[in-house]
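Engineer:
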Amino acid sequence: MIRPRLRIPDAGRPWVRRVRNAVLGVLVLLAVCLGSIWLAVRLTPMQTVTAAGQTVEVGAVAPDLSLSGPGELDLFGEALATRPHFQGPIRPRLKLADITLDSQVGDIVRSGDHDTLRLDLSHQLAAGWTRYCAWEIVVAAGCAAVVAVAVAGIRRAPRRTTLVATAVSVLTVCAVNVLGVYLLASGTPQALKQVRTLDDLVGRTPAQPVAPAKGPALTGVHAVVLGDSTAAGIGNPLVEDPTALDKTCGRSSDAYAEALARVNDWNVLNLACQGATVTDGLLGVQLRGEQAVPPQLALAQRASGASVFIVSIGANDMNWAVLTGLCAKAPVCDDKASTAYFKEQLATFSQNYLDLLQQLTDLPHHPDILINQYYDPFGTDTACLAKDGLTKAKAKVLKSRLADLNAVLRNGADAFGFTTARPDFEGHGLCSPQPFVQNTADQAPLHPTAAGELAIALADQQALARLDSRRAATPTPGGTSAPTDSPDLTQKPSSG
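Here it is, written out as structure tokens:
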């Protein structure tokens, strides 16, 4: 049996080929345009604006197919979705880069004319977005031109054809950008003009300034320590003649505050309390059982002569003990639910941390601020944790999350011009012969031992020495004194 041959009668007609080639050309041109815009959003540098003492970088989030949605606020490395929604597939991304309270801003703040600062910020954000859009169009056009020239080169097209293809690509990508993208997002500058503060972007109300606690001035205080159980030294012996608050907060004679006091012959006021968070402890009242612990920053302001404030905070804000316990009991620690919970906690902490940093920089006597990052309690050997359900893979996840928390602490401090310290527990993890952290069966699992507190004090001592060296290199009026070397913290000063 002879089968009939399948024929496409129109395949040989010239007009069919022309239509097919035209459609293919349009599709290729559209792909080049969309690809160029997508690439340009990633390549175009964010535009820097400065207003109200804040330096903010303005850019765009990665474009998507939706015609409206939230923008993004990058706060200390954490991406927060904005409360306002913006029209168009390309929406603003704002990054808080630096905060400086210069004399001009300080005068306006003291005068109470906050509306001037807010109006300046909103107009600067809108102007930054407009500049970014202009640069993005230029970069997208450049990307389209490069692609057109590359394709023409591969096909060995004549010079005239190459020039025409390049011109068409550039004009098309500019038209798509202007007409198809930015006309849809034409309301974005106006929406940014409604932003009075960065808090408006995420729909939150900043914490109220903490008023100084009532009582006489605490004279003769050289340094103040604010923080959680790590700073309190929980699990180690209590301070001598402890007060009710000392007992409630677990303040120890082995805390790093005590080591700094001994080696520098300082009077160090340790206000740290176990369980403290930014909102419940440092900036607000902390309830521990029937005991109400006053806000640490309120008490700290009575020590107006202190030259440095040292802060250790973040673990309780993240519910770190709960996360560690769940990790030990769960089959894995990086499942979607626990990862989403961690990211949500970290996003919330970054906003509360901003409040804390702002209030620290607003202190009238402007002490040096030292932010402590957290130590690695595990190290490389995790064999002894197997009995508790913590495998090496689980410990790796916890260390990664601890690194994320430290990144927020470090980025926030950098934005405000503060100093950070990172204690080094290398070789002294929980399973080592000489651990710097307490055992999982101890009163305060994974918290520093007396040796661990000394390691934190050493990191702080070195950070303060670096700060003092920088100040000596660039002298400023009214500088505060800090230790200039790193003496042996294990030795007590002589009484004579």
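Using the working numbering, the first residue of the sequence shown is number 639, and each one after it goes up by one.
Backbone N, C-alpha and C fix where the C-beta goes; we use that ideal spot for every residue, glycine too.
1) Can you tell me which of the three DSSP states Ala764 falls into?
2) Taking DSSP's pairing of strands, which residues face His1003 in a bridge?
3) Go through its chain and collect everything with a Cβ distance to Glu774's Cβ below 6 Å, but skip five positions before and after it.
4) Say whether the segment 1077-1092 touches the segment 1033-1043, bearing in mind that this needs 3 or more beta-carbon pairs closer than 8 Å, one atom from each stretch.
5) Tell whether a beta-carbon distance below 9 Å holds between Gly1067 and Asp1019.
6) With a threshold of 16 other CB atoms inside 10 Å of the CB of Gln929, please say whether the residue is buried or exposed.
7) Just to confirm, is the Cβ distance from Gly766 to Arg731 under 9 Å?
8) What is the DSSP secondary structure of Arg731, reduced to helix, strand or coil?
9) Consult DSSP for Val877 and reduce its assignment to one of helix, strand or coil.
10) Within the same chain, show all residues whose beta-carbon is closer than 8 Å to that of Leu1001, passing over the 5 residues directly before and after it, in chain order.
11) Do you know whose CA, among Cys887, Asn990, Glu896 and Tyr820, lies nearest Leu713's CA?
12) Buried or exposed for Trp653, please, with buried defined as at least 16 other CB atoms from any protein chain shown within 10 angstroms of its CB.
13) Per the DSSP calculation, Phe947 is bridged to which residue(s)?
14) Which class does Thr857 belong to by DSSP, given the choice of helix, strand or coil?
15) Only counting the same chain, and skipping five residues up and downstream in sequence, which positions put a Cβ closer than 6 Å to that of Gly922?
16) If you count every other CB in all the chains shown that lies within 10 Å of the CB of Pro875, and 16 or more means buried, which is it?
17) Arg680: which of Val694, Ala689, Val687 and Ala700 sits nearest, CA to CA?
18) Might you give, ordered along the chain, the residues of its own chain that have their beta carbon closer than 7 Å to the beta carbon of Glu878, omitting 5 neighbours on each side?
19) Can you tell me whether Asp973 is buried or exposed? The criterion is at least 16 other CB atoms within 10 Å of its CB, across all chains shown.
20) Report the rounded CA-to-CA distance for Gly858 versus His1004, giving the unit in angstroms.
21) For Asn1010 and Ala772, what's the separation of their Cα atoms in angstroms?
22) Whose C-alpha, out of Asp1080, Tyr1012, Ala1033 and Leu1023, is nearest the C-alpha of Phe1063?
23) Hey, could you find the ends of the beta strand (DSSP E) Pro722 is sitting in?
24) Counting beta carbon pairs with one atom in the segment 833-852 and one in the segment 715-732, are three or more of them shorter than 8 Å?
25) What residues match up with Glu896 in a beta bridge as DSSP calls it?
26) For the putative contact between Ala899 and Cys887, defined by C-beta atoms under 8 Å, what is the C-beta separation to the nearest angstrom?
27) So who's on the other strand from Arg926, going by DSSP bridges?
28) Quick one, are the C-beta atoms of Pro827 and Ala764 less than 9 Å apart?
29) Go ahead and label Arg748 buried or exposed: buried means 16 or more other beta carbons lie within 10 angstroms of its beta carbon, across all protein chains shown.
30) Considering only DSSP beta bridges, list what Glu695 is partnered with.
31) Asp1052: which of Leu809, Arg797 and Leu734 sits nearest, CA to CA?
32) Say whether the segment 782-796 touches the segment 846-866, bearing in mind that this needs 3 or more beta-carbon pairs closer than 8 Å, one atom from each stretch.
33) Which parts of the segment 1029-1065 are runs of the alpha helix (DSSP H), unbroken and 4 residues or longer, counting only runs that do not cross its ends?
34) Just list the residues that DSSP pairs Val1075 with in beta bridges.
35) Quick one: grab the DSSP three-state call for Arg748.
36) What three-state label does DSSP hand Ser891 in the structure shown?
Structural biologist: Working from what's here:
1) Of the three classes helix, strand and coil, the one that applies to Ala764 here is helix, per DSSP.
2) Its beta-bridge partners do not exist; DSSP assigns none.
3) Taken in chain order, the residues that qualify are Ala678 and Thr682.
4) no
5) yes
6) exposed
7) no
8) If DSSP states are grouped into helix, strand and coil, Arg731 belongs with the strands.
9) coil
10) Gln939 and Phe947
11) Asn990
12) Around the beta carbon of Trp653, fewer than 16 other beta carbons lie within 10 angstroms, which makes this residue exposed.
13) Phe947 pairs with Val862 and Ile1007.
14) Residue state, collapsed to three classes: coil.
15) For Gly922, the CB contacts under 6 Å within the same chain, skipping 5 residues up- and downstream, are Pro933 in chain order.
16) exposed
17) Ala700
18) Ser891
19) exposed
20) 17 Å
21) 41 Å
22) Nearest C-alpha to Phe1063: Tyr1012.
23) Glu716 to Gln725
24) yes
25) Answer by DSSP bridge pairing: none, since Glu896 is not bridged.
26) With a Cβ gap of about 17 Å, Ala899 and Cys887 do not count as contacting.
27) Gln929
28) yes
29) Because Arg748 carries a pLDDT of 43, less than 50, the predicted location of this residue cannot be relied on, and the following value inherits that uncertainty. Exposed is the call here.
30) Thr686 and Lys733
31) When each option's Cα is compared against that of Asp1052, the closest is Leu734.
32) The segment 782-796 makes no contact with the segment 846-866, as fewer than three CB pairs between them are under 8 Å.
33) 1030-1054
34) Pro1086
35) With a pLDDT of only 43 at Arg748, under 50, the local geometry of the prediction cannot be trusted, and the value read off the model is given with reservation. Arg748: helix per DSSP, three-state reduction.
36) coil
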